[in-house]
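Chemist:
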Amino acid sequence: MPEAESEEEIDRFPRSKFLEGATLGLGGVIGGLVTVPVLGFAVAPAFLHQHTHNVDLGPIGDFTEGQFVVATFMVDPAAGEVSRRTAYVRNNGLLKNLPSFTILSNRCAHLGCPVQPNGPIFQDKEKIQKIKGGLEVRLIPTLPAGGFGCPCHGGQYDTEGNRTAGPPVRALDRYEYSIRNGNLWLGKTYSVGKVKGQGANAQIAKYPLAGPGEHVDGIESWLYPVDPPHG
Ligand code: FES
């Protein structure tokens, strides 16, 4: 009799049912692991990604309208030359009576190599600005008729920084700017999904600064729940 009871118990909880329950439980754990980082991303404050530079690039009169210049500058005077960065700056003229500039980072949106102008750089026309505090800003006119290209893996961008070919997953990052006492100042860097239009009339899909290789829009952007520190 005890044996018959035991068989009944076994029928009530057959092995297949046990495995089914175990599978559902494991699925729940995995689901939690995937969901938690996504929620973490959703609530992560955007200010975690802000990088303010506050660099004086000198008088706006030194930027010829419609022409790109290669601007090199130090973002941390105490650190010296190792903090020197490069941006591509174009004076777009006036927009509603205010000066408009396009300021592209030279950091490739794929893995961070320095992108280059696809066109001549007029080294002999270099201007060196001595900024207050002994800082030096160098401005060299360039004509990137073919946009910008990355020497590392062939990424290509147009003159608004939109990715046109190769492995980069988004447009070139940009700098915010302000005009103070007639000088052009760089502010925070930010990332860009896509730019529509050109120059002063460009419509820019703006996002908090993302790391190289990171999508900022579309479903792929959900793959980056935690963003490691980057500059
Ligand atoms: S780092 Fe620019 S294409 Fe890879």
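Numbering follows the working numbering, with no gaps: position 183 of the sequence shown is 1009.
Here a beta-carbon is modelled for each residue, glycine too, at the ideal position from N, C-alpha and C.
These figures come from a predicted structure and were not determined experimentally.
Unbroken alpha helix (DSSP H) runs of length 4 or more, entirely within the region 956-999: which are they?
Modeler: Taking only runs of at least 4 residues, no alpha helix (DSSP H) segment lies wholly in the region 956-999.
Chemist: Between the C-alpha atoms of P943 and P967, what's the straight-line distance to the nearest angstrom?
Modeler: Computed Cα separation, rounded: 11 Å.
Chemist: For Q949, does the three-state DSSP call read helix, strand or coil?
Modeler: Three-state DSSP puts Q949 in a helix.
Chemist: Rounded to whole angstroms, what's the CA-CA distance from L969 to G1025? Just pull it up for me.
Modeler: About 15 Å.
Chemist: In whole angstroms, give me the CA-to-CA distance for G851 and D984.
Modeler: Low confidence applies here, because G851 scores a pLDDT of 48, under 50, leaving its location unreliable and the question unanswered by this model.
Chemist: Span of the beta strand (DSSP E) holding S926?
Modeler: L924 to S931 is the span of the beta strand (DSSP E), which, as asked, contains S926.
Chemist: Can you give me the C-alpha to C-alpha distance between R911 and M900, rounded to a whole angstrom?
Modeler: Near 6 Å, if we compare the C-alpha coordinates of M900 and R911.
Chemist: Expressed to the nearest angstrom, what Euclidean distance is found between the alpha-carbon atoms of T990 and C939?
Modeler: Going from the Cα of T990 to the Cα of C939 covers about 17 Å.
Chemist: From V941 to L924, what distance separates their C-alpha atoms?
Modeler: Each residue's Cα considered, the two are about 29 Å apart.
Chemist: Taking all protein chains shown into account, do 16 or more other C-beta atoms lie within 10 angstroms of the C-beta of F894, making it buried, or fewer, making it exposed?
Modeler: Classification for F894: buried.
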